[in-house]
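So the structure is just underneath, and the comments pick up after that.
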Amino acid sequence: MGGPDRSKAVKYIQQLDQAQCGGDWEAVPNLVRKIRKHAPARACLTLAANATHAVQQAIRHQPSTGTNPEITALVQYVPPLIGAIDEEHNHPEDVFQAQVALGWVHWALGEPELAALRLPKNIEGDFSLLDGTSKQATGWTRTCALKAIYIKGVALEKSRSLGDAIEVFESGMPIVTATASELKKASELRKWTELLLTKFCLITSQSIKSNASPRMEAETLMAFRAWADFWERLASSTTAAVGGYATEADVPRRQIWKEYYATLSFIIQSDLPYPTTALGATSNNHGMRVIQRGELARVEARYESLLLKEAHFPKAEQSSEEIEELVELVLGNWAVLCGGCWDEHDLGSGGRVGVSRSVLEILYRAATKTFHSTQILRGLFTVHLALADFELAFKAFDTYFEIVNKGKQRVQKTGVPEHALDSNEDVLVTASKCIRALCQFGGHAGAEKAKKLAHFFEAWLEQHDPSHSQERPANGNANGVIDGNQKLLENGTTAETSTETSTVSPQVYAHAWRAIGISNAQWARLTPDAKSRPEYQTKAIVNLKTALKPEYGCTDDVDTLFALALVLSERRQLGEAIQVVGAALASPRNDDKTSNPAKFARERSLIRLWHLLALLLSAKEQFTEASHACEGAFKQFGDLKALFGEREGDGNYQSEHLNGMQEKHSAAIDDMDDYEKEAILEVKMTQLLLIEVQDGPDVAVNGTEELLSLYSKLFGQTQTPFVVPRKSQQAPPTTGTSTLRSVKGSIFGRSKRSNRDASGATTFASSTAENVSTVSRPPTSQTTASVAPKIQVTGDSGTPSKLTRRSQHPSSKSTKGESLTHKLSQASIRNRSIAAPKTPSNPASDGEISPTKAVDSTFHQARGALPKPNAQGNKPSNSYSLLPYSSPATRLPPNESRRHRIGILVRVWLLIAGFYRRAEQYDDAKVSIEAASELVEGLETDILRDDSGQLLVDKREWGVGKSVEELWADVWAERGQASLTESWPFVALSHFESALTSFPDHPAAIVGLSNILLDISSETLVYPSSIPTITTPPSPASASPTSHKPPTHTSTTSTPLGLPPPPSPGPAPATTQLSLFDRLAARDRAHGLLDRLTKLGGGWNDSEAWFGLARAYEYAKMEGKAKEALWWCVQLEDARGVRGWEAVGGGGA
32 MGGPDRSKAV KYIQQLDQAQ CGGDWEAVPN LVRKIRKHAP ARACLTLAAN
82 ATHAVQQAIR HQPSTGTNPE ITALVQYVPP LIGAIDEEHN HPEDVFQAQV
132 ALGWVHWALG EPELAALRLP KNIEGDFSLL DGTSKQATGW TRTCALKAIY
182 IKGVALEKSR SLGDAIEVFE SGMPIVTATA SELKKASELR KWTELLLTKF
232 CLITSQSIKS NASPRMEAET LMAFRAWADF WERLASSTTA AVGGYATEAD
282 VPRRQIWKEY YATLSFIIQS DLPYPTTALG ATSNNHGMRV IQRGELARVE
332 ARYESLLLKE AHFPKAEQSS EEIEELVELV LGNWAVLCGG CWDEHDLGSG
382 GRVGVSRSVL EILYRAATKT FHSTQILRGL FTVHLALADF ELAFKAFDTY
432 FEIVNKGKQR VQKTGVPEHA LDSNEDVLVT ASKCIRALCQ FGGHAGAEKA
482 KKLAHFFEAW LEQHDPSHSQ ERPANGNANG VIDGNQKLLE NGTTAETSTE
532 TSTVSPQVYA HAWRAIGISN AQWARLTPDA KSRPEYQTKA IVNLKTALKP
582 EYGCTDDVDT LFALALVLSE RRQLGEAIQV VGAALASPRN DDKTSNPAKF
632 ARERSLIRLW HLLALLLSAK EQFTEASHAC EGAFKQFGDL KALFGEREGD
682 GNYQSEHLNG MQEKHSAAID DMDDYEKEAI LEVKMTQLLL IEVQDGPDVA
732 VNGTEELLSL YSKLFGQTQT PFVVPRKSQQ APPTTGTSTL RSVKGSIFGR
782 SKRSNRDASG ATTFASSTAE NVSTVSRPPT SQTTASVAPK IQVTGDSGTP
832 SKLTRRSQHP SSKSTKGESL THKLSQASIR NRSIAAPKTP SNPASDGEIS
882 PTKAVDSTFH QARGALPKPN AQGNKPSNSY SLLPYSSPAT RLPPNESRRH
932 RIGILVRVWL LIAGFYRRAE QYDDAKVSIE AASELVEGLE TDILRDDSGQ
982 LLVDKREWGV GKSVEELWAD VWAERGQASL TESWPFVALS HFESALTSFP
1032 DHPAAIVGLS NILLDISSET LVYPSSIPTI TTPPSPASAS PTSHKPPTHT
1082 STTSTPLGLP PPPSPGPAPA TTQLSLFDRL AARDRAHGLL DRLTKLGGGW
1132 NDSEAWFGLA RAYEYAKMEG KAKEALWWCV QLEDARGVRG WEAVGGGGA
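Residue numbers (our numbering): 32 to 1180.
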């Protein structure tokens, strides 16, 4: 046998390094023996390797219970290692490895403090001397550095020095980065890297929860990003992270992904600055948010994948806590991302809809690992509702409510709590949200369902709400009757001993009472039982005032005050309603004046209140103040640029995304949903009606261009013009047998729907489904192209031509403004700012008038009628942001949004038609009617082309508004009004009949038709002879069109109700007197139509309908009922504004 061989020593030392790095511990003893033979001077290295091998073997044979003699025997390595470290001066790497081995021995012996003391004081500094630019440390030295950092960091954590532990782990990040390329071939390096990152993530995540470190957010993400990069290097981008436990780890790998996701969620939900560690800083906040959203999505996918893979389906009595924790985080993030603080382009491709759809997929996958999870069902309801998936949303709620209700009953019987059930607070919040959604989007069916749901929860609240404990009779409800449902939500305890109800926030109680009040108010509007209407209105007022009690802390809640004011308005309590609106507008507000649209949540919520105030003031005939209230809805934003955005160069207001690459002020309307935009448009429509009242229709028509321009800014336009059909050359039939049949049909009713003229009705139908908006305000996700308020008139030759005013029209004066066609052509090429209406000269209105000051005298004592604020401090209430995070608003999908916007534009055109009709500009009125008719025709065609079978022309679509048949009825009714104005009563009768064929309960059509029938009954109006006289037909320009085009706005007649218009000039045709039987039949049919209308939701507060009913009673010699109807008509007229209360919209929600 030979002596030491230097070359063999080098080879064996290298093999030892590889064996330790690869975890080949069986080869270590033999290699140590060979090194001692060929390199006896490396005693420190071989002793460290022996000690490391001994610790590894002891840990491997660690028994589950009792002591391990192999662990105890490790103490023998401590003195030799200390001596070897002191004696070694030539090989610093050997010393470093020996120090780490010594520390690990103490760690295995259960002496963490001593282990940290034995390790190098500055691990990262000492390692940098061994692994620098001029030389490279061995693989095992690098592994020892990571091991030392792990041991020292954990030791500091156990001694409760979290800050020092974080600094130690942070110092190891450069080493982790430097060794990343060696992970796949070095198992020990991979093991200690994972252990270090695992502990670093857990410790710093713990610090962010306890606020132990001022730099916690950046440090936490630094650790987690290193963890994610660690797994990205070990797995392909398409393979999910490995699950299970790491060697010697205390937690599964899934836990790290969970903490990572929870930390990102905490930063997003708390609106903390997003740490840019390892990402690179950027000055573009929107670009940073895209990165933040991308990181959240990647971590979410990794964690969800591992969780679903490793989680087991629970037994019936168990719950899936971690699954539900994930669901809670996902829903919290969704509420923030899809709320008002994040823009559409911050969310990457898909925007809010894409985020919401991905959340739904997570919820449905989570449901496969849970058993009747009420939390998941609640989430499904909330997200489906935000996406306007109404059928799925309410099915989810029905299932949710059934499970909760049965679960609470089961708990009540057994006395055993079921922790998987939602708390009372969660149930109340969810039910309140459902009730409001039913009222806002569901029409009559939704209101009926909301009423039943509200009745259930009203009974429960009367039993459990502390504020009602002294108001209700003992052992019963408000009526002294015990309701069996009152205890169904109580989780196994009686009302006297329950502590669960104390966990319900007072604001949630207010939320619930508000929803109940809204439900009662909505049912009062729509119920066919006229006798019960006052009762439900009274209940609604009581409920809403309960929600405003000071003990709930919501005395300034805007939504509650609006709902209360609306009910009071409908009950004709105008003074009290104005006081309530004034209290809402005068409540404390945020002083932040920045132009960020997210800052305008309160201003946006006040738009409907300003509108309601305008209607209330108009009902009190304070028209100037009402006009100022309309202005206040716009001026509250400070600068219209904040509302509409701006475009550089032309001074026109326009939202940010329309200006290409220009960085300008973002527009508040970019964050608004369709319903908020509709509320703005409704204010402008009311503003024009007020101008008409004050200055006449001739002045009001000059503002129609602004109305169309505003629609374009809010909803966008389309390239395709509306082609107005050529006017019929045939005069309206006034004689002949066809007229007699039409009169008979009107008296006795018709069984078949009249055919519509389809001429010129296909232009829009074929284009709206194919064309995309490319006008001055292109569509975003909120402004999807729908329809154009631009119009193009086609002459007889089929080529576009300008519509010229009839020269023979006696009232075509210059003061009545430009022709409609000229106005529309101007509106289509430029966007104008919202101009203040021209008010009549009045000394009191000279100078600049603040809308708030103008109406201040009306409600300066407003708060006297409301509950006094809580005496505990003067802190402003933020009741409009009730929950920790408000659910995103419901946004209609593109197709539904388009149909909704078409309905809005139909209403706009019909309002314009009414202005022109009352201004006696009949040609322009007909053009407007035809524009509306084109829209409805195209909408009907699109619905008929739908193959799903879910869309029907005679059925209201949830959230969209009126059905196609209702829109047709609006159009035919406006045609009828136009024909009456032009003294064609029998043509008007035919139009009204067509309206009722489309929608039998149309108020304006019923009133118009009934007035004609009553005129026939009283012989005020006599139908022409069946043998016509020879007369010169009217000019084609004055002929009423027979093609089928409708408006939505109901306009008043230009003559007294029920009286015929002045006769047309020229020789009167011969007439034929109807028999008594026919006249009585006409009266009875009018009575039947009006009697039904005045009992329904669409006409119970229609003064014109009541006046017509009084006429019918009078002709029937029923003087008593006629007086009652007239008295009711007077009361309605005294409290009638320029528009109906339904114009403020939303079902009171």
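Virtual Cβ for every residue (Gly too), placed ideally from N, Cα, C. Quantities reported herein were computed from a predicted structural model and do not represent experimental measurements.
G727 carries a coil assignment under DSSP once its states are collapsed to helix, strand and coil.
The DSSP-derived three-state label of E290 is helix. No Cβ-Cβ contact shorter than 7 Å links T1125 with L1111. Under the 8 Å Cβ criterion, the region 588-604 counts as touching the region 639-649, having at least three qualifying pairs.
Distance from the CA atom of F488 to the CA atom of I434, rounded to whole angstroms, is 16 Å. By DSSP's assignment, P283 forms a beta bridge with Y276.
Judged by DSSP in its simplified three-state form, G992 adopts strand. In this structure P71 is in contact with P35, their Cβ atoms being roughly 7 Å apart against a cut-off of 8 Å. Rounded to whole angstroms, L76 and G134 show a C-alpha spacing of 15 Å.
When the alpha-carbon of P306 is set against those of Q286, L327, W288, the nearest one is in L327.
Straight-line measurement puts the Cα of I943 at about 21 Å from the Cα of E996. About 22 Å separates the Cβ atoms of Y181 and K240, ruling out a contact at the 8 Å cut-off.
Around L408, the same chain offers A427, T430, Y431 as residues with beta carbons nearer than 6 Å, after the five sequence neighbours per side are excluded. E652 and L362 have their C-alpha atoms roughly 49 Å apart. By the CB criterion at 7 Å, R932 and F1138 fall outside the cutoff. Of the candidates G969, R73, A85, the residue whose Cα lies closest to the Cα of N121 is R73. 7 Å or more divides the Cβ of I299 from the Cβ of N242. Spatial neighbours of A132 in its own chain (CB-CB distance under 6 Å, excluding positions within 5 residues in sequence) are listed in chain order as A79, A82, T83. By a beta-carbon distance limit of 8 Å, V282 does not contact L357. Their separation comes to about 16 Å.
T1051 carries a coil assignment under DSSP once its states are collapsed to helix, strand and coil. Per DSSP, E1173 lies in no alpha helix (DSSP H) and is assigned neither H nor E. The C-alpha of D1122 lies about 17 Å from the C-alpha of S1048.
The C-beta distance from I466 to A397 rounds to 26 Å, too long to meet the 8 Å contact threshold. Nearest in C-alpha terms to G990, of all of W999, L719, C470, is C470.
A615 is not a Cβ neighbour of V598, given a cutoff of 7 Å. DSSP places N242 outside both helix and strand once states are collapsed to three, so it counts as coil.
Shown here for L418: same chain residues with a beta carbon closer than 6 Å to its own, the five before and five after excluded, namely S387 in chain order.
Residue ranges of uninterrupted alpha helix (DSSP H) with 4 or more members, entirely inside the region 119-181 and ordered along the chain, are 123-139, 143-149, 154-161.
At the C-beta level, V414 and V390 come within 7 Å of one another.
By alpha-carbon distance to K1152, the top candidate from R1167, G1128, W1172, H1118 is H1118.
With fewer than 16 other Cβ atoms inside 10 Å of its own Cβ, R64 counts as exposed. Per the coordinates, the alpha-carbon of E335 lies some 41 Å from the alpha-carbon of L148.
For the pair L605 and D1165, the Cα-to-Cα distance works out to about 10 Å. Counting C-beta pairs with one atom in each stretch, the region 570-589 and the region 533-548 have three or more that are closer than 8 Å, which means they touch. Looking at the backbone, the Cα of G477 and that of H486 are separated by about 14 Å.
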